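2 protein chains.
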Amino acid sequence: MAPKLKLIYVDAKALAEPLRFLFAYGNYQYEDYRITHEDFRSDKSRFPYNKIPNLEIDGKLVHQSMAMARYFAKQVGLAGDSIEEELLIDTAVDTLADYRHQLITYFYDTNEESRKRKKEQAFQIFLPFYLGRLEQQVKDNNGYLVNGKLTWADIVLAGVQDYVNYMAGYDLLKDYPALKALEQKVLGIPSIKAWVAKRPDTEM
Amino acid sequence: MAPKLKLIYVDAKALAEPLRFLFAYGNYQYEDYRITHEDFRSDKSRFPYNKIPNLEIDGKLVHQSMAMARYFAKQVGLAGDSIEEELLIDTAVDTLADYRHQLITYFYDTNEESRKRKKEQAFQIFLPFYLGRLEQQVKDNNGYLVNGKLTWADIVLAGVQDYVNYMAGYDLLKDYPALKALEQKVLGIPSIKAWVAKRPDTEM
């Protein structure tokens, strides 16, 4: 019997959306449970390491969004066909995390002065660097991040891009045609397209 | 034939040491190539995404230390026996990265004021929190991070602890007996013990 799945997150795409894409892709039934920020903050200690997103798998709580995404990617056949390919996919996923982190570290900084400094660094140095390199990587891999075929690294890229764009304040991929095409290719997968069409409309 | 391996990093344990532990554990032959910081900074663009550690596997460069560690962990039998166990290991590894990151974000901040603020947050909030939770996790798992048996998550914990302690300025595990015992257990594995006894003496 398929395990009972309950995804727990705030009412946002953000770090949970790659998982939701994978659930759509694999046609998984799950409860998409959304709590308010207030509810999350009121008792974080319910969650392993006080972190969300969380997933209840048959009542057992797990966390770490990328570890969970890898777990489901294995189940739906998007995690690579050899340990060499898995290495390249994991590397791409960690590089996407580095890229995302450049925005997160600026966006959530509460100190005005250091926030301004980080924003400059992110927009002038890190984002052009990462986007340029990722663009080249996708060109070198026939339109995908790894080995010219769809993997969960591509799902992560497309799944978190709305969140990354929200933090940036504009569509970061607009001047990167290979990355843009890859994002659109993922968003065009019928099961994912159907999810995106019906998902709750959220700010990020 | 075994692939030709060349690990490229600065003259430090830091993020490369878990890989060196795995190489020792699996009795891999590799070139432990150490460049100066000046050499690294003079032309970072030699490396994928300007990052080290890097590994040449039969001449092909790969990066991302945790992705590489997972790849070799699979080869030496420390990556879990089921996708459920792999999920728990990956989650522990990402949690260790979060814990480490609390120190990295303070330690490398060049702004005096924000560095001070981050240091306070790290030492007063994040480190006690993570170390307390990790201590409990090890107690709950019979002396290991996952399922009461040695996995590459334990190798990562013990491998980067010197680096983490260096940034903290003292042995962070000294008041956490289960974590300390786990670190010592890993350091007591004969192949790893032999490597630690002969490795270059470095600051971090």
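Protein chains in written order, with the working numbering: chain A, 235 to 438; chain B, 235 to 438.
In this text, a Cβ means the ideal position worked out from N, Cα and C, and glycines have one as well.
These numbers come from a predicted model, not from an experiment.
- Y259 (chain A) is classed as buried because its beta carbon has at least 16 other beta carbons within 10 Å across all chains shown.
- Look at V398 (chain B): its C-beta is not under 8 Å from any C-beta on chain A.
- Separation of F357 (chain A) and L321 (chain A) (C-alpha to C-alpha, rounded to the nearest whole angstrom) is 29 Å.
- Chain-ordered listing is empty here: chain B has no CB closer than 7 Å to the CB of D315 (chain A), the nearest sitting near 14 Å.
- V310 (chain A) has a beta carbon lying at 8 Å or more from every beta carbon in chain B.
- Each of B:L407, B:L337, B:F257 and B:R367 was checked against the Cα of I423 (chain B), and the nearest Cα belongs to B:F257.
- Taken through DSSP and simplified to helix, strand or coil, D245 (chain B) comes out as coil.
- The DSSP-derived three-state label of Y264 (chain B) is coil.
- Within chain B, the residues whose beta carbon sits less than 8 Å from that of L321 (chain A) are V296, A301, M302, R304 and Y305, listed in sequence order.
- Rounded to whole angstroms, the gap between the alpha carbons of L337 (chain B) and K353 (chain B) is 8 Å.
- Considering only beta carbons, no part of the region 258-270 of chain B lies closer than 7 Å to chain A.
- Beta-carbon to beta-carbon, L249 (chain A) and V394 (chain A) are separated by about 7 Å, close enough to satisfy the 8 Å threshold.
- By DSSP's assignment, I291 (chain A) forms a beta bridge with A:L239 and A:K294.
- For a Cβ distance threshold of 7 Å, residue set N345 and S348 of chain A lies close to S348 (chain B), ordered along the chain.
- Your pair I323 (chain A) and G314 (chain A) checks out as a contact, with CB atoms roughly 5 Å apart and the cut at 8 Å.
- When only Cα atoms are considered, Y410 (chain B) and Y400 (chain B) end up about 17 Å apart.
- Annotation: the continuous alpha helix (DSSP H) that includes P411 (chain B) extends over P411 to L421.
- In this structure, DSSP gives I286 (chain B) a state outside helix and strand, which the three-state scheme calls coil.
- It is roughly 15 Å from the alpha-carbon of F363 (chain B) to the alpha-carbon of A402 (chain B).
- Closest by C-alpha distance to Q298 (chain B), out of B:D328, B:R275 and B:S276, is B:D328.
- Within the same chain, and ignoring the five residues on either side of W429 (chain A) in sequence, the residues whose Cβ sits closer than 6 Å to its Cβ are A258.
- Using a Cβ-Cβ cut-off of 8 Å, D324 (chain A) is close to Q298, M300, A301, R304 and Y305 of chain B, given in chain order.
- The contact set of R351 (chain A) on chain B, defined by CB atoms closer than 8 Å, consists of N345 in chain order.
- By the beta-carbon neighbour count (other beta carbons within 10 angstroms, threshold 16), R334 (chain B) is buried.
- In its chain, beyond the 5 residues on either side, Y378, L379, L416 and V420 have a beta carbon closer than 7 Å to the beta carbon of D388 (chain A).
- Spatial neighbours of A331 (chain A) in its own chain (CB-CB distance under 8 Å, excluding positions within 5 residues in sequence) are listed in chain order as M300.
- Between the C-alpha atoms of L368 (chain A) and L413 (chain A) there is a straight-line separation of about 7 Å.
- Residues of chain A whose Cβ lies closer than 9 Å to the Cβ of D328 (chain B) are, in chain order, H297, Q298, S299, M300 and A301.
- Close partners of Y283 (chain B) in chain A (Cβ separation under 7 Å): T329 and R367.
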